[in-house]
DNA sequence: GCCATTTCATAGTTTGTTCTTATGATTGAA
DNA sequence: TTCAATCATAAGAACAAACTATGAAATGGC
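Chains as they are written, first to last, in our numbering: chain W, 5 to 306; chain X, 5 to 306.
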C-alpha cells in the first residue's frame with residue numbers, strides 16, 4: 005500500500021475551492037508549479053484523471069469531485085487525530101472554531117468569552133460571525149467545528165442540541181404603543197408597518213412563522229441588515245418591529261423611545277448548538293452548551 | 005497545519021500489533037531504525053508521549069493506545085479513498101477481503117468463486133476462513149471488508165444483510181434411525197448421545213438454541229472441531245449429530261451409512277453478510293449478496 | 001490583428017525528508 | 001563472562017518535494 009501524502013490531498017481540496025491553480029497555491033503557501041505537479045502526481049498515483057484539462061483551463065471530472073469530497077472527510081479526521089494527540093487526550097483543551105449568527109452573536113459574545121475563560125480555561129475559542137447558510141457550509145467543510153444557530157433548521161449530516169428559548173417581542177415607539185389594538189393582534193396593524201431583516205437572516209423566517217405573519221400585508225418591503233437598524237427604524241416612528249428577548253436583555257433599546265410588548269404565546273425561536281455528526285469532541289461541545297445555556301433568556305411562564 | 009505522514013502512522017499501528025520494533029519494521033519492509041525514528045518524530049510532532057520506554061523495552065501510553073485506534077480508522081478511510089480513486093469510481097472492481105466461518109466456507113467456496121468469476125469478473129476476492137469472533141475483530145480493524153456469518157449474532161458498528169436460511173437436520177446411522185422416537189423428540193434421545201462442535205464455533209450455539217437443547221443432558225461432552233469429525237462420529241454409531249442443510253447439499257454424508265432427518269420446525273440458522281457501517285462499497289456488497297444467496301438451501305415449506 | 005495578461009505545464013536545480021548501514025548501550029539468559 | 005535480544009543514535013545515501021524560470025495557449029482590450 006502506497007499511502008498518499010495528506011498535504012497533497014489538501015492541495016487538491018484547495019484547488020477545488022479556488023478553481024484556480026495560482027490562488028490555490030497561494031493559499032497553501034507554495035508555488036503554482038508545486039501544486040500543479042502535486043496534482044499530476046496524485047493522478048499518476050490513482051491511475052485516473054481528476055481534472056479535465058483543455059487549453060490552460062480545467063474542470064474537475066466527476067471522479068475528481070467525488071475524490072475531493074472524500075478528501076475533505078479524510079483531512080478533517082486527520083486533523084482531529086492530530087488535535088487529539090497534541091492535546092494529549094485532554095478533551096477540554098485545544099481550539100474550537102465556533103460560528104454564531106449575527107442575530108445572536110453580539111448579545112452572547114461577552115458572556116461566552118467570560119464563561120469559557122472561567123470554566124474551560126485551557127480551551128482556545130475562535131469566534132466567527134456569519135449567516136446560517138454560510139456557517140453550515142463551513143461546518144461541513146471542517147472550517148468550523150461548532151455553531152450556535154436559531155432553530156428549527158434542517159442540518160443534514162449534523163447533530164443539534166437545543167440550549168434554550170428566545171421569545172420575540174413586538175417593539176413600538178412609546179407614542180404609538182398606546183394606539184395598538186388590545187389584545188394585541190398583529191393582523192390589525194397598518195400595511196407595510198412591520199420591519200424585518202433581509203431574507204438571508206434566518207430570524208426573519210422564524211419571526212414570520214412564530215408570529216403568524218405568512219401572507220400578511222403588514223410586513224414592510226424595506227429589509228434591514230441588522231437589529232440595530234430595526235431599532236433605529238422603530239425609534240423614528242416609521243413602524244414596528246420584532247426583537248428577540250436575548251437582544252432586549254442586552255439593553256438594545258435602552259436610550260431609545262421604544263417599548264417592548266410580549267408577542268403572542270408561542271412566538272419564539274429556539275437557540276441551539278450544531279456540530280458534525282461523527283465528531284469526536286461531543287464531551288467538549290456538551291460542556292460548551294452548559295456554559296452558553298444560562299446566558300439565554302429564562303423561560304417565562306405566561 | 006502540518007499533516008502527519010500516513011506511512012508513519014501505519015508504522016505506529018504495526019508496532020502496536022507486533023509489540024516489537026524489529027518485527028514491526030520487517031512487516032513494513034523498513035529497517036528497525038527507520039521505524040524507531042519515525043515513532044519519535046510522531047511524538048515530537050504531537051508533542052506528547054506515545055510510548056513509555058524503559059530499559060530497551062516499552063509499553064504504549066494510554067494516549068498512545070487511543071492514537072493507535074484513531075490511526076486504524078484513519079488509515080482504513082485513506083485506503084478506501086485510494087481504492088476508490090484507483091478503480092476510477094467503478095464500484096465493481098478492486099479487491100474485497102472476504103471472511104467466512106468454517107461451518108459455511110467449504111460448502112460455499114466453489115459456488116462463490118464461480119459466481120464471482122461470471123458476474124463480477126473485474127473483482128478480486130481474497131477469501132479467509134476463521135471463527136466468527138476472529139473475523140469480526142479483523143473486520144473492524146479493516147483487515148477484512150466483508151464477512152459471511154451465521155446469524156443471529158451481535159455485530160456492533162456493523163451492518164447485516166440476511167441472505168437465506170439453513171435448516172438443521174438430525175443425522176443418524178441408518179441402523180439407529182429406525183429406533184428413533186416418532187414423532188422425533190430430541191429429549192427422548194439417550195444421555196450424551198448428541199455430538200456438537202467446540203464452543204468457539206457459533207454453529208454450536210445456533211444448533212442448541214434452534215433445536216431447544218438448552219440445559220439438556222443429551223449433548224455429549226466430546227466437542228468436535230469440524231463437521232467432518234461429526235460425520236465420522238455419527239457414522240461410527242457412537243451417537244447423533246446435527247448438520248446444516250448447506251453441508252448436506254454438498255454431499256457431506258454421501259458414501260456414509262448416515263441418514264438425515266428433518267429437525268423440528270424452526271430449527272435453522274440464518275446466513276448473512278456483515279460489513280462495517282459506513283463503508284462506501286454497499287453497492288458491491290449487495291451484488292455479492294445476490295450472487296451468494298442462490299447458493300444457499302431453498303426454503304422448503306413444511 | 002496585435003500585444004498584454006491570465007493561466008496551467010515543464011525543466012533544471014535546490015532543499016529537505018526519509019531511509020539505510022553501522023554502531024552503541026542496556027538487559028537477561030546461558 | 002559472553003551471547004543474543006532489544007531499542008536508540010549518527011552519518012551519509014537515496015528519494016521526494018519544493019522553488020525559479022520559462023513555455024505555450026487562450027482571452028481581452030485597443
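Glycine residues also receive a C-beta, built at the ideal position from the N, C-alpha and C atoms. All values derive from a computational prediction rather than experimental measurement.
By the Cβ-count criterion, residue 179 of chain W is exposed, with fewer than 16 other Cβ atoms from all chains shown falling within 10 Å of its own Cβ.
Secondary structure at residue 285 of chain W: coil, using DSSP grouped into helix, strand and coil.
Taking 8 Å as the cut-off, the Cβ atoms of residue 6 of chain W and residue 85 of chain X do not count as close. Cβ neighbours of residue 17 of chain W within its own chain (closer than 8 Å, five residues either side excluded): 72, 75, 76, 79. Under DSSP, residue 162 of chain X forms a beta bridge with X:280. Close to residue 149 of chain X, with beta-carbon spacing below 7 Å, lies no residue of chain W; the smallest spacing is near 14 Å.
The residues 227, 229, in chain order, have a CB closer than 6 Å to that of residue 202 of chain W in the same chain once the five nearest residues on each side in sequence are set aside. Less than 8 Å divides the Cβ of residue 169 of chain W from the Cβ of residue 301 of chain W. Residue contact with chain W for residue 160 of chain X: absent (no Cβ-Cβ distance below 8 Å to any residue of chain W).
Residue 292 of chain W is a Cβ neighbour of residue 150 of chain W, given a cutoff of 8 Å.
Interface residue (Cβ-Cβ distance to chain W less than 8 Å): residue 75 of chain X is classified as such. Assigned with DSSP and collapsed to three states, residue 84 of chain X falls in helix. Interface annotation for the region 116-130 of chain X against chain W: empty, criterion Cβ-Cβ distance under 7 Å. In its chain, beyond the 5 residues on either side, 136, 154 have a beta carbon closer than 6 Å to the beta carbon of residue 206 of chain X.
For the pair residue 157 of chain X and residue 254 of chain W, the Cα-to-Cα distance works out to about 57 Å.
Proximity of residue 194 of chain W to chain X, defined by a Cβ-Cβ separation below 8 Å, is not satisfied. Using a 10 angstroms sphere on the CB of residue 103 of chain X, the tally of other CB atoms reaches 16 or more, which defines it as buried.
Per DSSP, residue 95 of chain X has no beta bridge partner at all. Contact between residue 172 of chain W and residue 272 of chain W holds: CB atoms are separated by about 6 Å, below the 8 Å threshold. Contact of residue 14 of chain W with chain X by beta-carbon distance below 9 Å involves 5, 7. Using a C-beta cut-off of 8 Å, the region 128-148 of chain W makes no contact with the region 244-259 of chain W, since fewer than three inter-stretch Cβ pairs fall below that distance. By the Cβ criterion, the region 42-51 of chain X is in contact with the region 8-28 of chain X, since at least three pairs of Cβ atoms, one from each stretch, lie closer than 8 Å.
Between residue 61 of chain X and the set X:32, X:24, X:69, the nearest pair of CA atoms involves X:24. For the C-beta of residue 52 of chain W, the chain X residues within less than 9 Å are, from N- to C-terminus, 89, 90, 91, 92, 93.
Among the residues facing chain W, residue 163 of chain X is not included, as its CB has no counterpart in that chain under 8 Å away. In the three-state scheme derived from DSSP, where H, G and I count as helix and E and B as strand, residue 11 of chain X is classed as helix.
Counting C-beta atoms within 10 angstroms of its own C-beta, residue 296 of chain X has 16 or more neighbours from the protein chains shown and is therefore classed as buried. In the DSSP assignment, residue 183 of chain W falls outside any alpha helix (DSSP H) and carries neither an H nor an E. The beta carbon of residue 237 of chain X is closer than 7 Å to those of 199, 228, 243, 245 in its chain, skipping five residues each way along the sequence. For residue 86 of chain W, the residues of chain X that pass the 9 Å Cβ criterion are 5, 6, 7, 8, 49, 50, in the order they occur in the chain. Pairing residue 33 of chain W with residue 128 of chain W, the inter-Cα distance amounts to about 25 Å.
By the Cβ-count criterion, residue 281 of chain W is exposed, with fewer than 16 other Cβ atoms from all chains shown falling within 10 Å of its own Cβ. Of the other Cβ atoms in all chains shown, fewer than 16 fall within 10 Å of the Cβ of residue 123 of chain W; this residue is therefore exposed. Under a 10 Å Cβ-count criterion, residue 141 of chain W is classified as exposed, with fewer than 16 other Cβ atoms of the shown protein chains found around its own Cβ.
Contact annotation: residue 152 of chain X and residue 277 of chain X have beta-carbon atoms nearer than 8 Å. One finds 85, 88, 89 in chain X with Cβ atoms closer than 8 Å to the Cβ of residue 71 of chain W, taken in chain order.
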